[in-house]
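According to my numbering, the residues represented by the sequence shown are 590 to 677, in order.
A virtual CB, placed ideally from N, CA and C, is assigned to each residue, including glycine.
Since the structure is predicted, the reported quantities are computational estimates derived from the model, not experimental observations.
Since the structure comes first, as structure tokens, the remarks are kept for the end.
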Amino acid sequence: MTPELAATLRTPETATEIPAACSIIALHYAGDEGGIVCRLDVATATGNAVYTSITHLRFDPRLPLAREIAAYQKHRVKRLRRQPPGPG
590 MTPELAATLR
600 TPETATEIPA
610 ACSIIALHYA
620 GDEGGIVCRL
630 DVATATGNAV
640 YTSITHLRFD
650 PRLPLAREIA
660 AYQKHRVKRL
670 RRQPPGPG
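Here it is, written out as structure tokens:
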């Protein structure tokens, strides 16, 4: 997970440290707007189920799908940057 995601998950109520490495226990496709969403196994650390975009995760480059995941992440981030800002 990225340091930014770990910082977001860290709260004063969190008694334990958020692990730098974790496992994905579920994958969901949330359409063009949401992209690929992953459920992480850090629920015991936060007390809640943790879902995040695959773009907020870092993968071991030795994994069989690491190149494909990195290509998806790069494409997804580029696509999100091109979108007009939402109502705000």
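Counted as a single uninterrupted DSSP element, the stretch harbouring Ile607 is not any alpha helix (DSSP H), since DSSP gives it neither H nor E. Residue nearest to Ile643 within the set His664, Asn637, Arg671 is His664 (criterion: CA-CA distance).
Contact check for Ala595 against Ile613 fails: the beta carbons are separated by 7 Å or more.
Under the DSSP definition of a beta bridge, Tyr618 partners with Ile625. In this chain, Val631 is not harboured by any beta strand (DSSP E), its DSSP state being neither H nor E. Gln662 is classed as buried because its beta carbon has at least 16 other beta carbons within 10 Å across all chains shown.
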